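My numbering puts the sequence shown at residues 11 to 431.
No residue lacks a Cβ here, since even glycine has one placed at the ideal position from N, Cα and C.
A quick note: this is a predicted structure, and the numbers were derived from the prediction, not measured.
To start, the structure itself, in C-alpha cells.
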Amino acid sequence: MSDRHDATMVDLEAVGGFVAEHFDAAVDRRRALEQRARLLAASDQVGPRRMATWWVPLSLCAAALVAWWAWSAWLRVDDVATTSPATPSLARAGEWLQAPAHGDAALSVGAGAKLSLHDGARGRVAQADAEQVAIVLEEGRIEAEVDPAAQRAVTIEAGPHRVAVVGTVFTVQWQPAEGGLSVIVTRGRVEVHTPASSAPIAVDAGRRLQVTRDGAVSLTSTTSVPAAVDDEPEPPIELVPDASPVRPNPDAPRVRPSARTRDEEPAPSWRALADDGRYREALAAVEAAGFDAAIAAWPVASLEQLGDAARLAGAPARADAVYRAIRKRFAGTTAAARAAFQLGRQAADAKREPQAAVRWLRTYLEEAPQGSFAKLARGRLIGALIDAGDRSGAREAARIYLDAYPDGPHAKMAAALLDSP
C-alpha cells in the first residue's frame with residue numbers, strides 16, 4: 011500500500027507541477043491537465059506496472075481538484091495590499107495596490123525587477139503570467155528597477171499612456187485629475203506609447219518626458235530627483251517621427267469625422283472603465299458610441315486596449331474584430347504582429363479552434379521571431395499542435411522550444427513530449 015501511495019503522490023506532483031508551471035493564464039491551467047493526460051496515455055507511462063489501474067484516474071481527478079483550486083485562487087481579486095519595501099508582495103493578476111499616505115509599497119514581479127509605489131499612490135496588477143507583468147497606475151508615483159535580463163517583461167499603464175520597459179531605472183507619475191504624465195529615466199531606456207505621438211517615444215537616461223492634458227509633449231534634461239507633474243515644463247522640443255511611420259491601409263474604410271469618432275474615443279470614457287477592470291461596461295460604452303466606426307478610425311494604441319478589454323470581457327468575436335482591424339489598418343507593424351498573437355490566444359482559449367490557433371501563432375512567430383511574446387507563442391504552439399492532433403508537428407515545436415528556451419515555462423511539457431514514444 012505504501013508503494014502505491016508513493017507512486018500516486020509522485021504522479022500527482024508531476025501533474026500538479028505541469029499545471030502550475032507551464033501555462034500563462036487560468037484557462038491554460040485547465041487545458042494543461044487535458045494535454046498532460048494525452049501525453050501520459052500515449053506514452054503508457056502513467057506509473058509502475060504493479061500499481062492498480064484505478065489509482066490513475068484517481069490521481070488525475072485529485073490533480074484536477076488542485077488545479078481548480080489554484081485557478082479559483084488566481085481569479086480571486088484580493089483586498090488592497092499595503093506592504094513595506096522590506097516585504098514585497100508577489101504580483102498577482104487582479105490585485106489592488108496602495109501605498110501608505112507617507113510611505114512605500116513594494117511589489118515583487120520576479121527575478122531582476124523591483125517596483126514600489128510611493129506616498130498614497132494607487133494601482134493594480136492587470137496581468138501577471140510567465141511572460142509579462144502589466145501594472146495599471148491609477149494615481150501617484152511608481153518607481154521601477156528592471157534588469158534587461160529580467161525573467162518577465164514589465165509594462166506600466168497610466169491612463170491612455172503605456173510605458174514599455176527595456177531594462178532601466180525610472181519613475182512614472184500620473185495625475186488623472188490634471189491629465190499629466192511624467193516619466194523620468196535614471197538609467198537605461200523606456201519606450202512610451204501615447205496618443206499624443208503617432209510613434210513610440212524613446213526616453214533615455216537623464217531625460218524626462220512630460221505629456222499634458224491637452225496633448226503637449228516635452229522631452230527635457232533632468233536630474234535623478236523626480237519632479238512633480240504640474241511643475242512648469244521647459245519649452246517643448248520637436249519630436250522627430252519614426253523613419254518609417256505607420257501608414258493606414260489605403261483599403262481601410264473611410265469614416266466621416268463626427269462628434270463620436272473624431273480622432274479619439276467617445277464619451278463616456280470606456281478607457282476609464284477598462285482601467286478599473288470593468289471590461290464589459292467598457293465594451294458596452296464603445297458599442298453605444300459605434301463599435302464599427304471606432305475600429306475603423308481609432309489609433310492603434312486605443313485599438314490594442316479595446317481588443318484586450320473585449321477579450322477580458324469574454325467577447326471573443328468583438329476581440330477578434332479589433333485585432334483583425336489592427337492587422338488590416340496597420341499591416342507590417344509590431345502592433346499587427348501582436349494582434350496575430352492575440353488572435354492565436356483567442357482561438358486556443360475562447361474558441362477552442364486549435365488549427366486556427368496554430369495558424370495565428372505561426373504568423374506571429376514569422377512576423378516577430380524575437381518579439382516580446384515569442385517565448386510564450388512558441389510554448390503555446392506546442393499545446394495547440396497537440397490539441398490539433400499534429401503530434402509530429404508538436405514534437406518539432408518542442409525541439410525548437412527547448413533549443414531556444416531550455417529553462418522556459420513550457421520546457422517540462424516539451425521534454426515530456428519528446429520523451430514519449
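Cβ neighbours of residue i in the same chain (closer than 7 Å, five flanking residues each side left out)
i, result
"HIS420", "HIS32, GLY389, ILE392, TYR411"
"ARG337", "ALA346, ALA349, ALA350"
"ALA212", "ARG199, GLU201"
"PRO326", "GLN356, ALA360, LYS361"
"SER231", "GLY216, ARG217"
"THR271", "Confidence is the limiting factor: at THR271 the pLDDT is only 42, short of 50, which leaves the residue's position unreliable and the question unanswerable from this model."
Pick from the options that is closest to residue i, judged by C-alpha positions
i, options, result
"LEU371", "ALA350, GLY381, GLU363", "ALA350"
"PRO110", "ALA131, ALA123, LEU125", "ALA131"
"GLU153", "HIS128, ALA323, ALA226, ASP214", "HIS128"
"ASP139", "SER430, GLY418, PRO431", "GLY418"
"ALA367", "ASP400, VAL156, PRO170", "ASP400"
"GLY190", "GLY150, ALA174, VAL175, ALA424", "GLY150"
"ASP286", "ALA319, ASP224, ALA404", "ALA319"
"LYS385", "ASP330, ASP397, HIS112, ALA424", "ALA424"
Three-state class that DSSP yields for residue i in the structure shown
i, result
"PHE340", "coil"
"ASP397", "helix"
"ARG409", "helix"
"THR373", "helix"
"ASP286", "coil"
"ALA80", "Confidence in ALA80 is poor, its pLDDT being 49 and thus under 50, which makes the residue's placement unreliable; the coordinate value appears in the next sentence. It is helical."
"SER312", "helix"
"ALA103", "coil"
"GLN356", "helix"
"ALA138", "strand"
"LYS361", "coil"
"SER118", "strand"
"ASP318", "helix"
"SER402", "helix"
"ALA212", "strand"
"GLY324", "coil"
"ARG390", "helix"
"ASP302", "helix"
"ALA367", "helix"
Within 9 Å, strictly: CB atoms of residue i and residue j
i, j, result
"SER279", "ALA295", "yes"
"GLN352", "ARG321", "yes"
"GLN365", "TYR333", "no"
"SER428", "ALA408", "The sequence given here has Leu at residue 428, not Ser. Yes, Cβ-Cβ distance for LEU428 and ALA408 is below 9 Å."
"VAL179", "VAL164", "no"
"GLN315", "ALA284", "yes"
"ALA387", "TYR374", "yes"
"LEU117", "GLU155", "no"
"SER382", "GLU167", "no"
Close-in-space but distant-in-sequence residues of the same chain around residue i (CB under 6 Å, 5 per side omitted)
i, result
"ARG136", "The amino acid at residue 136 is misidentified as Arg; the sequence shows Ala. Here the set comprises ALA144, VAL146."
"ARG290", "ALA323"
task = Would you list, in sequence order, the uninterrupted alpha helix (DSSP H) runs of no fewer than 4 residues that lie entirely inside the segment 143 to 187?
result = none
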